[in-house]
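Residue numbers (this note's numbering): 6 to 165. Don't be surprised by glycine CBs; every beta carbon is placed ideally from N, CA and C. The structure appears right after this line, and notes come after that.
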């Protein structure tokens, strides 16, 4: 995929990511171009470690990823750009009643992503995890009570 400022390419990138978030999040790998010490390289992370918010990908540390840095997206049923390899991301699915959440390991922390309309959650904790929709806890996923502390930071909630 070429780096471009073409608005159609930006729209296409976000359309693919939105589809992946809605249908295949647990299997999606994201390739991002980064520049370190003047050297450009591609890093791969689970797509669930980022959240599509107001036209940008954001992480829980409030890092904003513009569309031109997205090199590729690869899932079981979706492929965008050219990912040189594919290994399923370190994610698992937890289910409770009607609710399915995707939990992925992301550089020492975990991303907990629920159904569309629910807020992304970042944590260093093990389950159970609160599911937050419309700024309210609607469920506790996993065995036990959700007794940690929640803090909203940007588009994400942190659970301590």
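Is it the case that the Cβ atoms of residue i and residue j are separated by a distance below 8 Å?
i: residue 52; j: residue 27; result: no
i: residue 36; j: residue 77; result: yes
i: residue 148; j: residue 125; result: no
i: residue 88; j: residue 32; result: no
i: residue 69; j: residue 63; result: yes
i: residue 83; j: residue 57; result: no
Taking just the CA atoms, how far does residue j sit from residue i?
i: residue 146; j: residue 43; result: 43 Å
i: residue 72; j: residue 138; result: 26 Å
i: residue 105; j: residue 136; result: 10 Å
i: residue 60; j: residue 19; result: 7 Å
i: residue 98; j: residue 119; result: 10 Å
i: residue 127; j: residue 108; result: 10 Å
i: residue 95; j: residue 129; result: 15 Å
i: residue 157; j: residue 65; result: 9 Å
i: residue 38; j: residue 155; result: 32 Å
i: residue 159; j: residue 151; result: 22 Å
i: residue 111; j: residue 34; result: 12 Å
i: residue 100; j: residue 29; result: 15 Å
Rank the options by C-alpha distance to the C-alpha of residue i and give the top, closest one.
i: residue 140; options: 150, 163, 54; result: 163
i: residue 103; options: 93, 143, 57; result: 143
i: residue 90; options: 21, 116, 50; result: 50
i: residue 86; options: 55, 116, 165, 47; result: 47
i: residue 114; options: 165, 40, 93, 153; result: 165
Taking only three categories from DSSP, how would you classify residue i?
i: residue 26; result: helix
i: residue 130; result: coil
i: residue 156; result: strand
i: residue 46; result: strand
i: residue 54; result: helix
i: residue 150; result: coil
- Message: Suppose only complete runs of 4+ residues qualify. What are the alpha helix (DSSP H) ranges in the region 65-127, listed by chain order?
- Response: none
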